[in-house]
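Okay, so here's the structure we're looking at.
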Amino acid sequence: MREKSKFITFLLSFIPGLSHLYLGYADRAVIFLMVFFGTLAISVGLVFLTHSDAFIVLAIIALPIIWLVALLDASSLRKSLSSKAYINNGNEVEYRKIEEIKNSNKKLITLALSAIPGAGHMYLGLQNKGLVLMAVFLFTVFFMGWLASSLFLFVLPLIWFYSFFDALHIVNGTKTDSGDFLAVFPKLKPEWVGWGLIGIGILVVVERIVYPLISYQLRNYIQTSIVSAIFIVGGIKLLIKGRANDNQEEGDDLCKGDE
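Shown next, in the form of structure tokens:
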């Protein structure tokens, strides 16, 4: 078997997927091409949709990572192709077992697809969980574009990192998951969810209706007041809760002393 050129492999790696086509791994080539250009298209689309340049940062971070993964993978595959031994009857025997190569392919494809939240879980067969993650991510993007607001911009990195590392742990076998979509969300009290929705609604009304009617200076005062009120209320609640726990412990100690 003719050894593949290391130089040509490196040159083709500047576009993720081309080097894999050269090495004969068409399935990996398609995955890398789809992920690379899909991430680029999504980032550009989000910029036009939300009228914000923040998603350019997403492309600047994600695309080099995809390129580096593709380069390292192509280099590893080229070495595996060249590391073949010939036994006496002339048949080729690869040093790496077929199962190991399949597991490597599965892990790589999962990580590549995880660039889009939920896609990696769908590839692993966790359809419900992948659907929920992708729906939450895309709904957040749609909601931001619909309201022309960057209020929920912080949610996107949270969803992306959770989806990526969750898929990584699952494919490595360090986490078993049934794929139940309810496992995505922590157990929250309905009251908390209700107050959270009310707070989000108030913030949207303030940002989209009230802010355009007031001056920039007054807007800064309102923002500072809201943040300060959140910290003050949260601090008071923690102090009250801590004092109640201390009183309960003292009461338990007194009861034990009386006994």
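Residue numbers (this note's numbering): 2 to 260. Don't be surprised by glycine CBs; every beta carbon is placed ideally from N, CA and C. Computed from a prediction, not measured in an experiment: that's the story for all the values here.
With distances taken Cα to Cα, identify the nearest neighbour of T40 among I61, L22, Y23.
I61
Buried versus exposed call for V211 [16 or more other C-beta atoms within 10 Å across all chains shown]
exposed
By Cβ distance, which residues of its chain are closer than 8 Å to A63, with the 5 residues on each side in sequence left out?
T40, S44, A116
Give every residue of the same chain whose Cβ lies closer than 8 Å to the Cβ of H21, excluding the five residues on either side of it in the sequence, and list them in chain order.
Excluding residues within five positions, the ones whose Cβ falls inside 8 Å are A27, R29, A30, F33, A71, D74, A75, L78.
Straight-line gap, L127 to L134 (C-alpha atoms, nearest Å)
11 Å
Pull up the distance between the alpha-carbon of F11 and that of G195, whole angstroms please.
54 Å
For L204, report the span of its alpha helix (DSSP H) as first-last.
191 to 206
Could you say which of K80, G46, F15, V48 lies nearest to L24 if we only look at CA atoms?
If you compare the alpha carbons of K80, G46, F15, V48 with that of L24, the shortest gap goes to K80.
Applying the 10 Å Cβ sphere with the 16-neighbour rule, what's the burial state of I231?
Its Cβ having fewer than 16 others within 10 Å, I231 is exposed.
Taking only three categories from DSSP, how would you classify L262?
In the structure as shown, the chain begins at 2 and stops at 260. Residue 262 is therefore absent and cannot be evaluated.
State the DSSP-derived secondary structure class of L139, mapped to helix, strand or coil.
DSSP places L139 in the helix class (H, G or I) of the three-state scheme.
Note down, in chain order, each residue of its chain lying with its Cβ closer than 8 Å to the Cβ of N173, except the 5 sequence neighbours on either side.
K108
Using the three-state DSSP reduction, which class does S54 fall into: helix, strand or coil?
It is worth fixing the name first, because residue 54 is Asp in this sequence and not Ser. Residue state, collapsed to three classes: coil.
What would DSSP say about P17, mapped onto helix, strand or coil?
coil
Tell me whether the beta-carbon of L47 lies closer than 7 Å to the beta-carbon of F37.
no
Straight-line gap, K98 to P158 (C-alpha atoms, nearest Å):
Annotation note: pLDDT 49 at K98 (below 50); position unreliable, no value reported.
Reduced DSSP secondary structure (H/G/I, E/B, other) of T10:
helix
Distance check for L139 and L132, CA to CA, integer angstroms please.
Cα-Cα distance, rounded: 10 Å.
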